[in-house]
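Trainee:
4 protein chains.
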Amino acid sequence: MLLSDQQRQDIEQLRGDGQQTRRATVAALEEMLYEPLPVLDHGFIRVVDYMGDDAAVVQAARVSYGRGTRRISEDRGLLRYLMRHRHTTPFEMCEIKYHVKLPVFVARQWIRHRTANVNEYSARYSILDREFYIPEPAQLAAQSRSNRQGRGDVLEGEEAVRVLDILREDAARNYADYQEMLNEDDEGNVIDPGRAGLARELARMNLPLNIYTQWYWKTDLHNLMHFLSLRADAHAQYEIRVYAEAMMDTVRAWVPLTAEAFEDYRLGGCQLSRAALDVVKRLLAGEEVAVESSDLSPREWRELMALLGR
Amino acid sequence: MLLSDQQRQDIEQLRGDGQQTRRATVAALEEMLYEPLPVLDHGFIRVVDYMGDDAAVVQAARVSYGRGTRRISEDRGLLRYLMRHRHTTPFEMCEIKYHVKLPVFVARQWIRHRTANVNEYSARYSILDREFYIPEPAQLAAQSRSNRQGRGDVLEGEEAVRVLDILREDAARNYADYQEMLNEDDEGNVIDPGRAGLARELARMNLPLNIYTQWYWKTDLHNLMHFLSLRADAHAQYEIRVYAEAMMDTVRAWVPLTAEAFEDYRLGGCQLSRAALDVVKRLLAGEEVAVESSDLSPREWRELMALLGR
Amino acid sequence: MLLSDQQRQDIEQLRGDGQQTRRATVAALEEMLYEPLPVLDHGFIRVVDYMGDDAAVVQAARVSYGRGTRRISEDRGLLRYLMRHRHTTPFEMCEIKYHVKLPVFVARQWIRHRTANVNEYSARYSILDREFYIPEPAQLAAQSRSNRQGRGDVLEGEEAVRVLDILREDAARNYADYQEMLNEDDEGNVIDPGRAGLARELARMNLPLNIYTQWYWKTDLHNLMHFLSLRADAHAQYEIRVYAEAMMDTVRAWVPLTAEAFEDYRLGGCQLSRAALDVVKRLLAGEEVAVESSDLSPREWRELMALLGR
Amino acid sequence: MLLSDQQRQDIEQLRGDGQQTRRATVAALEEMLYEPLPVLDHGFIRVVDYMGDDAAVVQAARVSYGRGTRRISEDRGLLRYLMRHRHTTPFEMCEIKYHVKLPVFVARQWIRHRTANVNEYSARYSILDREFYIPEPAQLAAQSRSNRQGRGDVLEGEEAVRVLDILREDAARNYADYQEMLNEDDEGNVIDPGRAGLARELARMNLPLNIYTQWYWKTDLHNLMHFLSLRADAHAQYEIRVYAEAMMDTVRAWVPLTAEAFEDYRLGGCQLSRAALDVVKRLLAGEEVAVESSDLSPREWRELMALLGR
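And the structure:
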């Protein structure tokens, strides 16, 4: 990720603009505001606005006239209670807005989360930059043999080199052909005055899915945690997980008590099925239980044993 | 609407808390922040938080690194363009949170707008205050004869007195019976130590629909304008329209350029059907057109003539 | 719940109308179609339309051209996999529409589920019937002492009689006053030709929250299960739980494999926090663990021990 | 669009399966059911399920026990009234499900409509087919000079040939490289047993945006009309407009009275701003009005004059 001088200057100007406000304000998040956190080779997330704090969740839960908070220990207890009992609406009272730069194939997964507001850079209207995601060698994983949507071992040696060469060359050529069809060079000058240039909304179809796009993405704290619980999970594709992890850092700065409860009850917790709970009870009662005498499939059995550390 | 000393003190404390922020800040809305704007006899709306300003809409439409704004005239032009062409997503980038006190029958209409976040005071958990909406005499309208969901002339004399007496007496008795069932008086003391008191979640069912409730209600600027276009409209019931009008004042303070465009293109504009447009064209061409030679129903014809001031 | 002759006749007519269709059809649900299932004293739910079946979930998960199903055991396995791993979108491909008659205070809880389509009987436009929810004596619970939003022991003797009398008398009087203000009797005749009658949209405010309303409510299978997981839960208020349980019966008829997976993984399962999982592991390892040596609060500890049957 | 023998056979089997149902059924839509309607060079839409009909809208608006319909002229009048006055919730009571095959860059626009249920073919899990959108020569438009997101004249001669060659060649090479990285040929056989093959979730990033994907897409009639009002509009990109037009055909077959009202009041109608309405009134009063004496911008003036046919 490299910012142009103009972009760096725009960000510095925003960061310098101190204003007085009566709104709830979080010093740790103010510190991060507008500043891009790098993700992948050219991507980033940056917080561009936020509304509310831990106390705003408490305030809404109590429908109070004032800040709603009492002692910090009481607030923490209430937030944990809300998280534990799935009282989700108070968490919807906080809102955050990100500017995200990300490869198109990641954007396609991300946009499936519908409870958010989005404004994406328009390739109908504007010309996309020549920036493509090329994985680090350590991320060049083979197809998993056991999991159709998972990764196996990392490719090595010549095969890795070959893949990286393909990705780089195809991206370069497709982008060059994009410019050729648009009849515009890097500086936005017409290449050949004798030609008209294809419409932007058509030329873009030649670009590969690893090209970077960007958007403003805004959501509330409850829906953000739902997004993070799915995308910061080990089953999520690496290329979106790294975005979720960077966002998790901003959540810890923004609403530390909520973030702690989220990590204790959601990220670090687990779901047991009726049959899995039954196995746990029988084990605790000292019974010998095997997969055959449980109601679990072999795969569920393995998952449960791994979870219980047996 | 009367605030208790504690409530007034809580609000003053919040209003006094000046903080530094790097976020977009609107002085005119800061001025209003936390302060209740009275609506009906005991209700209010008050802005308790907000995110973004006119420039934030522009910033999102441009997916820009900085504030995104240029000259104010350019911003105004872009906002009007977005409003005119129904490009609604940039307006979703601003968010506002209200604390609202309102009669339950108004709350039941209001909640039909689903794209918002809500936390309501819980009568399962807490005891509701003895506050009921009793209309001003000028609002005691008879049933309309022509419109099944409209109001006709104002009731006068004895009939008006009778209605107000009924509303006041039934509310008073139902509330007294609510307390009797709860076995709790105004100060929260047990009335009769020999009784248990009915569960709150049951006792509340005796309260009439004009009792006041309150909630935190948060939505984005696009969905707020959609709400206002329906609820600030002349066809909306008076008791919700007055809330919409108070909210419209806060929108004008918050995002003046957007509010102006909204009033020009949405509130003050109109929708013409294919057949109505055809009538307008024929009239402009100097043709005599009557309802019989149009494709309009008599009702649509009357509405069109009223709209055109003929 | 008592249907009028006209209503019974309307329902019979719909039930008699056999049509040919190429759509997925579920015999067990066709059997229930249009027929009201009684809930509470005057309420009901009835299925008025549906789209899809278990196979439609499989079909969407596979994005297939045909039915998408293979052997029933494979379909069952896939549905359980989707349920276990929170792949929720295929379940959104089935849709169901209910006609529900329910007390207003129940409707106010229900409507908080926003991901549904609703058309409610309008008391602005029409006059509500004289039907009120009066609890069975067995449901007249005292306020719980330990849980602010829960019920304790059942009221007995005179106190119960007193509560039922209040509920009945206040409902009767408020309804009589409603008619008085409307100036309309049970047959819809004008009571006093010398008076105008208050507008319906105003008169309704005198009605108590236990009056019955009705609506058409339509949602998809995923959101329905989310509703049921919250409202068929032991913590839900009894008066909404009985609706959820009746709906659960329709789900079992409609999508039996999905219903089974839902009951195994969601309704009958549980969520363990990070700290609770740690306690389980230590117990399984033979360690003595007490609340003091755990990271759980006393309340969480009690809940965990109850869950584990210790 | 070419179906494989297996796909054709799957569709025929579904079309042959006649079942009895008590649900609302629409013969004209049954006729279309499952059958793909071709769009673009390899795409299609096909209706795979539906719920409700014109009468179901009426039924929900009346919250009725039976079909809710009276004479067809009354139903038509009610549907037109609902459409005219933006009473949108009854239209949400009908639901339709499509299977759509479409280029990825079209899918990226389409998915921005959030109020729908979607299951997309997963390129993390499966391998995409070698099918790319290549425009008809008549669609090879130059960039518009006046509208940054519009099309100008059609490219001709050598320039058109050059563009088509680029699109075809880049697609072919990127797909060949995709297979090379996957180490799998057209038949799914391993190309080189000495190599592992890159994970599918990574290899897909090399594919260009004109590759076809497919999804199940389900929405309600109100949201479908909102989609169509934006995407069947002349300002929409041609490649999505043709999908909207094919869907419009299915709407006409499904709910003819609603479709007629939609075309009269929404598609064929227009929105006038406050200032435009003022110009119309002054013109009708016989006044000479020019852009300078109006409150319209030159662009709005031109649009208004075009609308009025002047």
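Protein chains in written order, with my numbering: chain A, 1 to 310; chain B, 1 to 310; chain C, 1 to 310; chain D, 1 to 310. Even glycine gets a Cβ: it sits at the ideal position worked out from N, Cα and C.
Any idea what DSSP makes of Tyr98 of chain A, helix, strand or coil?
Mentor: Three-state DSSP puts Tyr98 of chain A in a strand.
Trainee: Any idea if Val39 of chain A is buried or exposed, counting beta-carbon neighbours within 10 angstroms, 16 or more meaning buried?
Mentor: Buried, because 16 or more other Cβ atoms sit within 10 Å of the Cβ of Val39 of chain A.
Trainee: For Gln6 of chain A, count neighbouring Cβ atoms within 10 angstroms of its own Cβ and tell me buried if that reaches 16, exposed if not.
Mentor: Answer is exposed; the Cβ neighbour count stays below 16.
Trainee: Give me the residue from C:Gly43, C:Ala24 and C:Val47 with the minimum Cα distance to Arg15 of chain C.
Mentor: When each option's Cα is compared against that of Arg15 of chain C, the closest is C:Val47.
Trainee: Since I believe Asn210 of chain C is in contact with Ala171 of chain C (beta carbons under 8 Å), could you give me their beta-carbon distance rounded to a whole number of angstroms?
Mentor: Indeed they touch by this definition, with Cβ atoms about 7 Å apart.
Trainee: Where are the beta strand (DSSP E) runs, 3 residues long or more, that stay fully inside the segment 181-223 of chain D, in chain order?
Mentor: Runs of the beta strand (DSSP E) inside the segment 181-223 of chain D: 212-220.
Trainee: Are any of the Cβ atoms in chain B nearer than 8 Å to that of Val280 of chain D?
Mentor: So, interface residue.
Trainee: With distances taken between CB atoms, is the gap from Asp220 of chain C to Asn117 of chain D smaller than 8 Å?
Mentor: Yes, these two residues count as a Cβ contact at 8 Å.
Trainee: What does Asp264 of chain A touch in chain C if you count any residue whose Cβ is under 9 Å from its own?
Mentor: Simply Ser273, Arg274, Ala275 and Asp295.
Trainee: If contact means a Cβ-Cβ distance below 8 Å, which residues of the segment 180-207 of chain B contact chain F?
Mentor: Annotation note: the requested chain F is absent from the structure, which comprises protein chains A, B, C and D.
Trainee: State the start and end residues of the unbroken beta strand (DSSP E) segment that holds Glu37 of chain D.
Mentor: The identity of residue 37 of chain D in the sequence shown is Leu, whereas the question assumes Glu. Note, Leu37 of chain D: beta strand (DSSP E), Leu37 to Val39.
Trainee: One question on the structure: do Pro135 of chain A and Asn174 of chain A come within less than 8 Å of each other, judged by their Cβ atoms?
Mentor: In this structure, Asn174 of chain A does not lie closer than 8 Å to Pro135 of chain A by Cβ.
Trainee: Using only the alpha-carbon positions, how far apart do Met247 of chain C and Met93 of chain D sit?
Mentor: One C-alpha to the other measures close to 18 Å.
Trainee: If Gln149 of chain C sits next to Glu201 of chain B, beta carbons under 8 Å apart, how far is it from one beta carbon to the other, in whole angstroms?
Mentor: With 8 Å as the limit, Gln149 of chain C and Glu201 of chain B qualify as a contact, their Cβ atoms being about 7 Å apart.
Trainee: Do Asp249 of chain B and Phe23 of chain A count as a contact pair if the criterion is CB distance below 8 Å?
Mentor: Rather than Phe, the amino acid found at residue 23 of chain A in this sequence is Arg. No.
Trainee: Between which two residues does the beta strand (DSSP E) carrying Glu156 of chain A extend?
Mentor: Premise fails: Glu156 of chain A is in no beta strand (DSSP E) and is neither H nor E.
Trainee: Report the neighbours of Arg67 of chain C on chain D: residues whose CB is nearer than 7 Å to its CB, in chain order.
Mentor: Going along chain D in sequence order, the residues near Arg67 of chain C (Cβ under 7 Å) are Leu14.
Trainee: According to DSSP, is Asn119 of chain B helix, strand or coil?
Mentor: Here Asn119 of chain B sits in strand by DSSP.
Trainee: Let's see if you can read the secondary structure: which residues bound the alpha helix (DSSP H) around Tyr243 of chain C?
Mentor: It spans Tyr238 to Trp254 - the alpha helix (DSSP H) in which Tyr243 of chain C sits, taken as one unbroken run.
Trainee: Smallest Cα separation from Ile72 of chain A: which of A:Val106, A:Val63 and A:Ala55?
Mentor: The residue with the shortest Cα to Cα distance from Ile72 of chain A is A:Ala55.
Trainee: For Glu35 of chain B and Ile96 of chain B, what's the separation of their Cα atoms in angstroms?
Mentor: Answer to the nearest angstrom: the Cα atoms are 14 Å apart.
Trainee: Flag this pair as touching only if the segment 176-189 of chain D and the segment 156-171 of chain A have three or more C-beta atom pairs under 8 Å; answer yes or no.
Mentor: Contact holds: three or more Cβ-Cβ distances are below 8 Å.
Trainee: Can you tell me which residues form a DSSP beta bridge with Pro103 of chain D?
Mentor: In DSSP, Pro103 of chain D forms a bridge with D:Tyr212.
Trainee: So the beta strand (DSSP E) Arg46 of chain C belongs to, where does it begin and stop?
Mentor: Arg46 of chain C -> beta strand (DSSP E) spans Gly43 to Met51.
Trainee: Looking at Tyr243 of chain D and Ile11 of chain D, is the spacing between their C-beta atoms short of 8 Å?
Mentor: No. Outside cutoff.
Trainee: Identify the continuous beta strand (DSSP E) that holds Ala142 of chain B and give its terminal residues.
Mentor: Where Ala142 of chain B is concerned, the enclosing beta strand (DSSP E) stretches over Ala141 to Gln143.
Trainee: So what does DSSP say about Arg109 of chain D, is it helix, strand or coil?
Mentor: Looking at the sequence itself, residue 109 of chain D is Gln, so the reference to Arg does not match. Reduced to three states, the DSSP call for Gln109 of chain D is helix.
Trainee: Check whether the Cβ atoms of Met51 of chain B and Ala253 of chain B lie closer than 8 Å to each other.
Mentor: It is not a contact, given that the beta carbons lie outside the stated cut-off.
Trainee: Relative to the C-alpha of Thr88 of chain B, which residue among D:Val251, D:Leu128, D:Ala138 and D:Leu230 is closest?
Mentor: Comparing Cα-Cα distances from Thr88 of chain B to each of D:Val251, D:Leu128, D:Ala138 and D:Leu230, the minimum goes to D:Leu230.
Trainee: Cβ of Ser146 of chain B less than 8 Å from any chain C Cβ?
Mentor: False, the Cβ-Cβ gap to chain C never drops below 8 Å.
Trainee: Taking 8 Å as the threshold (C-beta atoms), are Tyr133 of chain C and Tyr212 of chain C in contact?
Mentor: Their beta carbons are under 8 Å apart, which means Tyr212 of chain C touches Tyr133 of chain C by this criterion.
Trainee: In whole angstroms, what is the alpha-carbon distance linking Leu155 of chain C and Tyr238 of chain C?
Mentor: Taking the straight line from one Cα to the other gives about 16 Å.
Trainee: Compare the C-beta of Val100 of chain D with all C-beta atoms of chain A and state if any pair is closer than 8 Å.
Mentor: Not an interface residue.
Trainee: Report the CB separation of Leu257 of chain A from Asp75 of chain A in whole angstroms; it is logged as a contact under 8 Å.
Mentor: Going by Cβ atoms, the distance from Leu257 of chain A to Asp75 of chain A rounds to 7 Å, so yes, they are a contact pair.
Trainee: What first and last residue would you give for the alpha helix (DSSP H) that runs through Gln7 of chain A?
Mentor: Unbroken alpha helix (DSSP H) run through Gln7 of chain A: Asp5 to Gly16.
Trainee: Does DSSP classify Gln19 of chain C as helix, strand or coil?
Mentor: In the structure shown, Gln19 of chain C sits in a strand (DSSP, three-state: E or B).
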